[in-house]
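Following the working numbering, the numbering of the sequence shown begins with 17 at its first residue and continues without gaps. Down below is the structure, laid out as structure tokens.
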Amino acid sequence: MQKGGDTGPVVTLGDPAASLLIDALKHGNPDLKMPPDGKLKAEEIALLEEWIRMGAPDPRTEDTVAIVQARSAIDWAKAREWWAFRPLTLPDPPAVKDTAWPVNDLDRFTLAKMEAVGLSPAGDADRLTLLRRVTYDLTGLPPTPAEADAFLADTAPGAFKRVVDRLLASPRYGERWGRHWLDVVRYADTAGDNSDFPIPQIRRYRDWVIDAFDRDLPYDQFVREQLAGDLLASATEEERQARHIATGYIANARRFGSRVSDYPQHLTIEDTLDNLGRTFLGLTVSCARCHDHKFDPIPAADYYGLYGILSSTRYPWPGIELDQKQRDFVPLLPAGEIQSVQKRAQEIEKERARFGKDLRQLKDDLRKTPEPKKPEVEAKIKAAEQALAEFLKKNPPMEMAYAVADAAGPGDAAIQLKGEPARPGATLRRRFLTVLGRMELPPDTPGSGRAQLADWILSKENPLPARVMANRIWLHHFGRGLVPTPNDFGKQGKPATHPELLDWLAWKFRDGGWSVKSMHRLILLSRTWQLSTLRSEASQQRDPANELLTGFPRRRLDAEAIRDTLLVLGGNLDLSPAGEHPFPPQKDWKFTQHNPFKAVYETSRRSVYLMTQRIQRHPYLAIFDGADPSTSSPVRPASTTPLQSLYLLNDPFVHGQSKRLADRSLSEFSSESDRFCQLYRLTLCRPPDMEEQTEGQEFLAKARAKLTSGGMSPEQSEAEAWHAYVRVLFRLNEFVYPD
């Protein structure tokens with residue numbers, strides 16, 4: 017059958033149209049009709065075509081689909097007994113012995129765990145510690161001395177709640193919590209292919225995320241717009257365009273290699289599915305690409321049911337080495353204008369190409385022109401360049417979004433045997449995970465199915481989205497999730513330390529309107545969050561990892577908070593709208609595998625606005641454990657390395673910021689005591705004690721003497737000594753480890 021006879025092989029594996037068998041069955045050749053007396057029914061021929069498309073498996077030598085399915089059948093009733101798949105419940109807060117300690121029901125869950133093992137919570141944190149902690153927590157920036165004075169002076173009930181509300185209303189909040197989300201969705205400003213082409217337009221998605229947190233967009237709508245914003249009805253043109261931008265979440269998937277006609281789109285879809293499963297469901301869905309998931313109840317058939325939704329989606333093309341021109345981006349124009357504006361854009365591109373061709377010709381002529389006549393050609397070149405600049409100024413490029421849309425021909429996908437696109441198996445209906453309901457798209461469904469996918473994920477019967485996001489919010493308030501593996505709620509993940517509390521929070525989150533800011537208030541106003549970091553000796557011995565939360569977990573500031581704090585203290589943090597990165601003009605993009613795009617753009621804006629490359633770590637963020645832009649980073653590691661100390665000792669940026677802060681103190685205060693007080697309040701949110709002032713005076717005296725003995729003038733040595741003293745404060749543990 018496969019080796020063939022006089023007329024060649026009977027079947028061509030994977031390709032029914034090229035198979036002699038199908039040609040004979042369809043009676044396409046008058047000399048070769050089978051059966052000769054009449055054609056098989058169309059559905060019978062279709063079955064044989066599907067068999068060939070699967071690779072024509074022989075049941076005598078390999079398992080049929082039916083046998084494989086029977087052998088690997090999952091006991092779904094048992095699978096749904098896993099804690100993460102159980103229906104969400106609202107547990108009653110447990111009874112506690114110390115009824116005076118809790119200030120809300122959240123505290124009852126944590127205190128009950130402590131009392132069960134004979135432990136007690138630490139004392140409460142002092143007010144300045146709380147202010148510094150909550151300001152970093154919600155904004156990633158330090159509190160000002162004026163804010164500290166106002167909080168200490170506010171002795172009326174509810175003072176701390178007023179601080180929380182003020183911080184949640186600040187635009188700095190969205191920048192801080194938007195960055196947490198960008199970590200999870202592995203945001204990058206470049207494509208990730210081997211040339212790592214820039215994507216200037218993706219920053220619109222970054223800004224959309226920040227704005228969504230600022231306006232407390234309900235989480236269910238936040239998810240829906242990222243998965244299917246282009247398919248949702250919108251009240252205004254502005255809303256329609258913003259929802260298109262939100263689908264940058266899908267467009268942001270990584271690109272691979274530099275092939276064009278045979279681009280490995282399956283890898284980009286795998287990257288999307290991997291992130292989608294981890295981000296919204298806390299499941300490692302992509303482990304089922306090549307075979308049924310080895311640990312969780314996710315068969316490969318479920319993977320390809322989801323795969324069909326994304327293969328029915330048109331991704332934008334960011335450009336790669338062998339095809340450098342962007343295409344399939346979404347124009348940010350009123351729907352009725354898109355066609356006419358696109359036509360005009362094509363005309364403009366032709367005209368620009370003509371200008372470019374003329375310029376190249378003139379420059380080529382210049383090389384051949386005799387020396388006496390070169391000024392004449394150079395003048396023509398200058399005039400042509402000016403004409404091109406004027407033309408581009410009058411005809412700016414169309415505003416575009418790096419976003420997705422439904423493909424022209426959506427449809428179901430075939431399972432890929434062992435994850436190989438060249439080995440297609442049975443075509444599978446687009447559907448959701450079986451363990452979560454296995455909802456399917458009806459056969460006549462128009463479009464990709466992304467809108468239905470969002471509905472399936474957010475179904476009230478699906479407990480995972482609420483649990484996963486509630487856990488993420490808790491994680492960024494305590495440094496550790498109730499589920500320590502926030503991207504994996506499956507069997508390879510770790511179980512919740514407080515499962516009843518997790519369900520209680522998830523229920524409050526979902527049934528409270530999916531408000532992230534409401535969750536902040538619930539957690540921050542608890543006594544559990546307001547504990548001191550100083551735990552008892554018994555707690556340290558019996559609960560060394562502080563899983564029971566007998567005290568507040570002490571943790572280092574992340575990379576962004578350290579850098580942003582240095583900018584605040586230097587007085588040069590730029591809070592104006594971020595705008596675009598200074599990428600080179602697209603006409604100059606000639607990036608290749610051996611000469612990929614690489615750049616670091618210095619800026620005084622917040623670190624969330626730093627240009628982030630996918631295949632090259634930002635040098636500063638790499639030192640302080642910044643997120644890996646090539647994969648989801650639900651938790652930042654917190655390493656302690658000599659390189660971090662050396663950075664705070666030697667880096668020119670640190671020296672520049674310490675000089676700015678010291679010079680500010682020198683100009684504002686004449687007494688050493690006042691300077692010490694200001695510097696401590698700015699860097700540590702507290703005044704220095706007498707011992708610290710004495711040590712500071714001794715340091716300054718030694719520094720002045722050493723600098724003067726080296727030939728520096730008294731005025732210079734005074735300034736340099738204070739510069740050095742500020743760098744000492746920057747290197748204190750307390751500076752980067754707020755309590």
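Where a beta carbon is used, it is the ideal one built from N, C-alpha and C, also for glycine. For clarity, every value in this text was computed on a predicted model and none was experimentally measured.
Item                                                                                                                 : Value
Start-to-end residues for the beta strand (DSSP E) that takes in residue 440                                         : 440-444
Residues bridged to residue 336 [DSSP beta-bridge criterion]                                                         : 339
Proximal residues to residue 124 (C-beta, below 6 Å), its chain only, five neighbours per side dropped               : 109, 110, 112, 118
Same chain only: Cβ atoms within 7 Å of residue 635, ignoring 5 sequence neighbours per side                         : 616
Residue 170 and residue 178 closer than 8 Å at C-beta                                                                : yes
Continuous beta strand (DSSP E) stretch holding residue 430: start and end                                           : 429-432
Assumed close pair residue 555, residue 566 - CB separation to whole angstroms, cut-off 8 Å                          : 4 Å
Inter-residue Cα distance where the pair is residue 199 and residue 647                                              : 9 Å
Length of the line joining the Cα atoms of residue 83 and residue 507                                                : The pLDDT assigned to residue 83 is 47, lower than 50, so where the model puts this residue is not dependable, and the model offers no usable value.
Distance, residue 499 Cα to residue 715 Cα                                                                           : 46 Å
Proximity winner among 640, 19, 457, relative to residue 659 (alpha-carbon distances)                                : 640
Selection from 586, 359, 570 that minimises the alpha carbon distance to residue 620                                 : 586
Residue 416 (DSSP reduced to helix, strand or coil)                                                                  : strand
Residue 69 to residue 286 span [Cα, whole Å]                                                                         : 22 Å
Local Cβ density within 10 Å of residue 627, reported as buried at 16 or more and exposed below that                 : buried
Where residue 726 falls, given that 16 or more other Cβ within 10 Å makes a residue buried                           : exposed
Residue 346 - partner residues in DSSP beta bridges                                                                  : 417
Residue of 448, 672, 597, 479 minimising C-alpha distance to residue 103                                             : 479
Residue 611, DSSP secondary structure in three states                                                                : coil
According to DSSP, residues forming a beta bridge with residue 447                                                   : 456
Best match in 339, 345, 318 for proximity to residue 331 [C-alpha to C-alpha]                                        : 345
Reference residue 612; option with closest CA among 92, 273, 131                                                     : 273
Strand pairing of residue 582, partner residues [DSSP]                                                               : Answer is none; residue 582 lacks a bridge partner.
Backbone CA spacing between residue 746 and residue 738 [nearest angstrom]                                           : 13 Å
Given residue 687 as reference, the closest of 221, 291, 713, 581 once Cα atoms are compared                         : 713
Residue range of the unbroken alpha helix (DSSP H) whose run includes residue 478                                    : Segment: none, residue 478 is in no alpha helix (DSSP H) and carries neither H nor E.
Other residues of its chain near residue 637: CB distance less than 6 Å, five sequence neighbours each side excluded : 575
Nearest-angstrom Cα separation, counted from residue 748 out to residue 573                                          : 13 Å
Secondary structure of residue 749, DSSP reduced to three states                                                     : helix
Stretch pair the stretch 669-688 + the stretch 582-596: three plus CB contacts closer than 8 Å                       : yes
Residue(s) in a DSSP beta bridge with residue 330                                                                    : 421
Local Cβ density within 10 Å of residue 14, reported as buried at 16 or more and exposed below that                  : An answer regarding residue 14 cannot be provided, because it is not within the stretch 17 to 755 covered by the chain.
Classification of residue 18 by the beta-carbon crowding that lies within 10 angstroms, buried from 16 upward        : exposed
C-alpha distance - residue 564 paired with residue 280, whole-angstrom precision                                     : 47 Å
DSSP-derived helix/strand/coil call for residue 724                                                                  : helix
Identity of the residues DSSP links to residue 547 by a beta bridge                                                  : 140
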